[in-house]
Amino acid sequence: MMAPSVDQGAQHSLTVVSNANFCTDDGSSAESNGKENSRCSSLSDGESFECFGEGDMDTGTPQSLSGDGVLRSPRNDGLKRNTWLRTSLRRSSPNNHENLPNRRWGSFRQPSGKRLGSNALASQLYRSSSFNSSGRSSTCDTADDIYSDVSLEEDVLDLNHKVQMLQQQMSVLADNQTNTDERYTRAKQDNATLQARVMMLEEQLREVELRSEDRLAEEERRHRELVARVDREKQLQVENCAIRLQTLELENTSLREEAARCRAQAERLRAEKTTVTEQLGEAESIVSSLQDEVAALRDQERRHKECAHANQLLVEELTLEVDRLRLEIHTLQELNQNSREPQTQLQAQLDSLRQEHRSLQEAHEELQAMILSRGVEEGRNLLSSANESHSLAAELDDMSQDDPEQERAEDLKIRSAYKESQEVISHLRSYIDGILLLIVENCPRLLEVKPADPAP
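Structure, rendered in structure tokens:
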């Protein structure tokens, strides 16, 4: 396999390094990214990029990610094989790596504290490749040129691989830094919010403590007043209970005496009961006699109703006659408008008829007054009969004045009889009033006073 020329290797290395630029917004350089991400590891002065021979240029070869986040390339076997080839071509000792001229390693070393971007690194590689191509014929032999070209290409590939790993690490670190800054900002905001809330809660706690202390003092004062008031009420209640106990004891003694007296009175009432039953039989006989009198009064009332009905019929006949006469007078007035003499005769006849009607009304009123007077007399007779029964009870009371027990029994009997008689009298009075109301309602014309007809 022929080694590529220096010019071709330089151009290839420039192409590879230029493709390894950082993908930042608006084409920003990797140097500015390195300044922003200061936490990323930089190339120190002691770092060196050693290449162990020629590797494969296949960019489609898969890469594996190790446990520490660094991408591993499967071209380590090629590096080991090219190491034997390099040592065999050089025919030098293993310590020859430390004595390499500055044309190999000087261009890759940078002062401490500085990092080169991909563009600057590519330009340095181009200059170093041009320098090697120009001085190859004068200083190095053919084996050294081959070794230089192969090692330079391997260095470029290794550098490209490391640049890619650094890019990945820088992107990971940038993401971590962004997440850390966001978490820090959120934590700071949360801390400020929590501090404000803590201060507010402390203020509220102090206010609640003050209010609770005031409330506790008020409750203690109120409870002390309540206890004092309850004690006073309890003392008053005890005194009232003592007074009430004394009064109840006195009432108990008086009730015992009253019970003894009531027992004696009950015995007397049993004796009076027998007498009252006897008087009750007498009162029942009196009531039966009063019922007979009521039946007689009802018969009289029936007769009075018949008379009132006859009088009502008479009044109706008289009113019909008066109406007929009025019609005749009206017809006569129409017929005799021109003659004055018949008119005077008719007027005289009308006056006589009016006089006759007035006399009939007076007779009817006299009959009505007679009916009323007879009803009043019958009521008086009933009242007198009630008074006679009362006088009989009074005589019985006079006969039993010697015994006080009999006096009480007679008193009860008289009261019951008097109540019954009063009830009978009230019934009779209501009955008589009903009769009078019926007369007034059925014959209101008897009480009317009709004016005289005016002269035509």
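Going letter by letter, the sequence shown gives residues -7 to 448 in this note's numbering.
Every residue gets a Cβ at the ideal spot worked out from N, C-alpha and C, and that includes glycine.
- For the pair Gln169 and Val142, the Cα-to-Cα distance works out to about 39 Å.
- If you check the CB distance, Glu370 and Leu289 come in under 9 Å.
- Taking C-alpha positions only, Gln229 is separated from Arg253 by approximately 35 Å.
- Its chain contains no residue whose beta carbon lies nearer than 8 Å to that of Asp182 once the 5 sequence neighbours on both sides are disregarded.
- Taking every protein chain shown into account, the CB of Val164 has fewer than 16 other CB atoms within 10 angstroms, so this residue is exposed.
- Shortest Cα-Cα distance from Leu352 to any of Ala340, His322, Arg366, Leu305 involves Leu305.
- Between Lys405 and Thr267, the gap from beta carbon to beta carbon is short of 9 Å.
- Counting the other Cβ atoms within 10 Å of the Cβ of Ser418 gives fewer than 16, which makes it exposed.
- Per the coordinates, the alpha-carbon of Arg216 lies some 41 Å from the alpha-carbon of Ala188.
- Met362 and His322 have their C-alpha atoms some 37 Å from each other.
- Glu270 and Glu285 have their C-alpha atoms spaced approximately 24 Å apart.
- At the C-beta level, Cys299 and Leu359 come within 9 Å of one another.
- Contact check for Ser408 against Ala275 passes: the beta carbons are separated by less than 9 Å.
- In its own chain, leaving out the 5 sequence neighbours on each side, no residue places its CB closer than 8 Å to the CB of Glu195.
- Rounded to whole angstroms, the separation of the alpha carbons of Gln227 and Leu197 is 44 Å.
- Taking the C-beta atoms as reference points, His301 is found no nearer than 9 Å to Arg366.
- Annotation note: the region 131 to 192 contains no uninterrupted beta strand (DSSP E) run of length 3 or greater.
- Glu211 and Met192 have their C-alpha atoms spaced approximately 28 Å apart.
- Just so you know, the alpha carbons of Ser140 and Thr177 end up roughly 53 Å apart.
- Burial is judged here by how many other beta carbons sit within 10 angstroms of a residue's own beta carbon; Asn171 has fewer than 16 and is exposed.
- With at least 16 other beta carbons inside 10 angstroms of its own, Glu146 counts as buried.
- For Ala355, the closest C-alpha among the options Ser246, Arg213, Val307, Val432 is that of Val307.
- Note on geometry: alpha-carbon atoms of Glu313 and Ala340 lie some 17 Å from one another.
- Residue Asn373 holds the alpha-carbon nearest to the alpha-carbon of Gln292 among Glu309, Asn373, Glu348.
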